[in-house]
Amino acid sequence: MEIRLDGIRHVYGETEILRDISLTAEEGRIACLVGPSGCGKSTLLRLMGGLERPTGGRVLQEGAAPAGSLNPLTYVFQDFALLPWRTARGNISLVLEDHGLGRAETRRIIADVLARTKLSDFADALPRQLSGGMKQRVAIARALAVNPAVMLLDEPLSALDAQTRELLMDDLIALWTRTPFTAVYVTHNLAEAVRLGHKVVVLSRRPGEIREIVEIDKPLNERGYADADLEAVQKHLWELMREEAKAADEELVDV
Amino acid sequence: MSEREAVHVPFRGKGFRPGHHRWVGALVFIVLIALAEWGTRAGWIGQLTLPRPSDVLAALAELWQSGLFAKHMVPSLSRLVVGAAIGVSLGVSVGVLIGLFTFVRAGLVPLVAALFPIPKIALLPLFVIWFGIDEASKYALIAFGTFTPTVVATYGAVDNVDRTLIRMGQSFGLSWGSIVRKIVLPGAMPGILSGLRISLAIAIILLVAAEMLGAEYGIGAYILQAGSLYDLERLFAGVIILSVLGVTVSAGIGAIERRLLRWRS
């Protein structure tokens, strides 16, 4: 399944957030959205998953979701959004309970996604007992449990420290390599974008418009930490963004 | 290099940290009671100023031995339980509705704000007319008194539920009922329980007021009888029973909190 944006425009009150955005998240590929803070990249992601309605333009899903997909468009949030009163297992079962899968099937799915995210030993831990990286793993496991057609990741690693971020990036690459999934990945971290993106969409500052779409052909599992090819792409991205990021930083916030 | 003097860096991070001191609370009680006992015996506290603690204890013992304790306690407790149960369950329901529906909020919040500051005792005659002089009017008074603080605490608690969790639920396509049952209600539970502490304390206060309405038996009736006779020992005995009741209720809520909110600390 693909997600296609067609001439998206979005306005909050008087402020224009997004202007004329058309892009496609292709099946089995990761599209990264980068841009200076306040460029509307998270808003764009919310529009894609139907959590918000665009002022203009169309959000289209093309092709049917795979059979057995319980929630075709599934988010992973920056702040994990785990229920603190449920264990890792309980948080995953939360999103399965409404589907009437039966006890055995639910248990099988939970065991499967916990194993895939290397959380099997932490199934009964409460979120407060887990580190940030572990919490995000639970959130990723929860997303995998509903067998999504498209994963919408909203700065999933931004709340984590640099080392944990590296570890989780490796995990995401390993997950994708095993079973390629379609994903839209929003981040302000260019290193994440060049490691995980098959294409990187650079947005300008408010109102967000597409400045450039950079394709990266190197296969995900061949990309590594401090990769020279990627550094070159990252440098190019930064040159595109630098002035805008500076201007965005110096902007007065009047909301 | 010249010789320099080394001193310890002074510690400045003292205090402003909630700690745990187990026996201090009990000690304050003991000291105060001992002072009262000493004062009344030595004579620097007059007999009409404060009853002697040992006499109060004797009054309590007499109440127990005469079998009147159960006779007063049973109706009081049943009034408390029935009245508070009605008030709290209605209050939680209305509070959740206010928290969930903007339309209900717009309609009911001003009404609750208008009802909250009314001293419920002032409405006593009205309750007698509406519900009769029997138990019903006592239940109604306690229920009404616990209702408003429960509503306010509950909708505040619902408002404070982390919106990102609700959005998460929506993004996974959970049904409305599931979101309310599995996200909103557990998320509001800490606020609802701390509201319950206040509501139940108010219920105990109103119990005495309710028993001013021609109740033959009940802790409130017992206190009122003693009060009108200026029988300070029995008055204080009654007050102590209410106090202990309050502490017990509060401890009970504490136990529920520890059970239901184990995920917090």
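Protein chains in written order, with numbering that gives the first Met the number 0: chain P, 0 to 254; chain E, 0 to 264.
We put the beta carbon where it would ideally sit given N, CA and C, even for glycine.
From what residue to what residue does the alpha helix (DSSP H) around residue i run?
i	result
Ile-113 of chain E	The identity of residue 113 of chain E in the sequence shown is Ala, whereas the question assumes Ile. Residues 101-114.
Asp-54 of chain E	52-64
Ile-132 of chain E	Unbroken run through Ile-132 of chain E: none, as it is neither H nor E.
Glu-61 of chain P	Taken as a continuous stretch (DSSP letters only), Glu-61 of chain P belongs to no alpha helix (DSSP H), being part of the beta strand (DSSP E) at 55-61.
Ile-201 of chain E	184-209
Ala-33 of chain E	23-41
Val-270 of chain P	With chain P represented from 0 up to 254, any question about residue 270 of chain P goes unanswered, as that position is not in the structure.
Lys-40 of chain P	40-47
Gln-46 of chain E	Element bounds for Gln-46 of chain E: n/a, residue is neither H nor E.
Gly-101 of chain P	Note, Gly-101 of chain P: premise wrong, no alpha helix (DSSP H); not H, not E.
Phe-170 of chain E	Rather than Phe, the amino acid found at residue 170 of chain E in this sequence is Ser. Run containing Ser-170 of chain E: 162-170, per the alpha helix (DSSP H) assignment.
What are the boundary residues of the beta strand (DSSP E) that residue i is part of?
i	result
Gly-6 of chain P	1-11
Val-201 of chain P	198-202
Gln-128 of chain P	Taken as a continuous stretch (DSSP letters only), Gln-128 of chain P belongs to no beta strand (DSSP E), as it is neither H nor E.
Tyr-184 of chain P	181-185
Ile-20 of chain P	14-24
Quick one: using the 10 Å Cβ neighbour count with 16 as the cut-off for buried, is residue i buried or exposed?
i	result
Glu-230 of chain P	exposed
Ala-152 of chain E	buried
Asp-120 of chain P	exposed
Asp-262 of chain P	With chain P covering 0 to 254 only, the question about residue 262 of chain P has no answer from this structure.
Glu-290 of chain P	Nothing can be reported for residue 290 of chain P: it is not among the residues displayed for chain P, which extend from 0 to 254.
Gly-62 of chain P	exposed
Asp-153 of chain P	buried
Gln-128 of chain P	exposed
Asn-90 of chain P	buried
Gln-233 of chain P	buried
Tyr-74 of chain P	buried
Ser-198 of chain E	buried
Phe-115 of chain E	exposed
Glu-232 of chain E	buried
Ser-174 of chain E	exposed
Gly-24 of chain E	exposed
Gly-45 of chain E	exposed
Ile-43 of chain E	According to the sequence shown, residue 43 of chain E is Trp rather than Ile. With fewer than 16 other Cβ atoms within 10 Å, it is exposed.
Pro-218 of chain P	exposed
Per DSSP, what kind of secondary structure is residue i in: helix, strand or coil?
i	result
Val-75 of chain P	strand
Val-112 of chain P	helix
Ile-212 of chain P	strand
Asp-230 of chain E	coil
Met-168 of chain P	helix
Leu-151 of chain P	strand
Ile-117 of chain E	coil
Val-33 of chain P	strand
Gly-207 of chain P	strand
Phe-121 of chain P	helix
Trp-262 of chain E	coil
Val-145 of chain P	coil
Arg-299 of chain P	Any property of residue 299 of chain P remains undetermined from this structure, which presents chain P solely from 0 to 254.
Tyr-216 of chain E	coil
Ser-92 of chain P	helix
Gly-223 of chain P	coil
Val-78 of chain E	Looking at the sequence provided, one finds Arg at residue 78 of chain E rather than Val. If DSSP states are grouped into helix, strand and coil, Arg-78 of chain E belongs with the helices.
Asp-158 of chain E	helix
Leu-241 of chain E	helix
Ala-66 of chain P	coil
Pro-17 of chain E	coil
Val-87 of chain E	helix
Trp-175 of chain E	helix
Pro-218 of chain P	coil
Thr-153 of chain E	helix
Phe-295 of chain E	Residue 295 of chain E falls outside the range modelled here, since chain E spans only 0 to 264, and no answer is possible.
Pro-124 of chain E	helix
Gly-27 of chain P	coil
Ser-249 of chain E	helix
*Interface positions of the region 240-252 of chain E facing chain P (Cβ-Cβ less than 9 Å), listed along the chain*: Within the region 240-252 of chain E, no residue qualifies.
_Output needed in chain order: residues of the region 136-166 of chain E with a Cβ under 9 Å from some Cβ in chain P._
Under the 9 Å Cβ criterion, the region 136-166 of chain E contributes Asp-161, Thr-163, Leu-164 and Arg-166.
*What residues in the region 175-190 of chain E have a beta carbon less than 7 Å from any beta carbon of chain P?*
Going along the region 175-190 of chain E in chain order, one finds Ser-177, Lys-181, Ile-182 and Pro-185 with a Cβ nearer than 7 Å to chain P.
*Name the residues in the region 76-88 of chain P whose C-beta lies less than 7 Å from a C-beta of chain E; which are they?*
Taking 7 Å as the Cβ-Cβ cut-off against chain E, the residues of the region 76-88 of chain P that qualify are Phe-76, Asp-78, Ala-80, Leu-82, Pro-83 and Trp-84.
*asked:* Closer than 8 Å between beta carbons: that is the criterion. Which residues of the region 40-57 of chain E meet it against chain P?
replied: For the region 40-57 of chain E, which is checked against every Cβ of chain P, not one residue is closer than 8 Å.
*Of the residues that make up the region 190-208 of chain E, which ones have a beta carbon closer than 8 Å to any beta carbon in chain P?*
Using a CB distance below 8 Å, no part of the region 190-208 of chain E faces chain P.
*Report the residues of the region 104-129 of chain P with a CB closer than 9 Å to any CB of chain E, ordered along the chain.*
Correct list: Leu-125, Pro-126 and Arg-127.
*Mind checking the region 137-168 of chain P against chain E and listing, in chain order, the residues whose C-beta falls within less than 7 Å of any C-beta there?*
Taking 7 Å as the Cβ-Cβ cut-off, the region 137-168 of chain P approaches chain E at Val-145, given in chain order.
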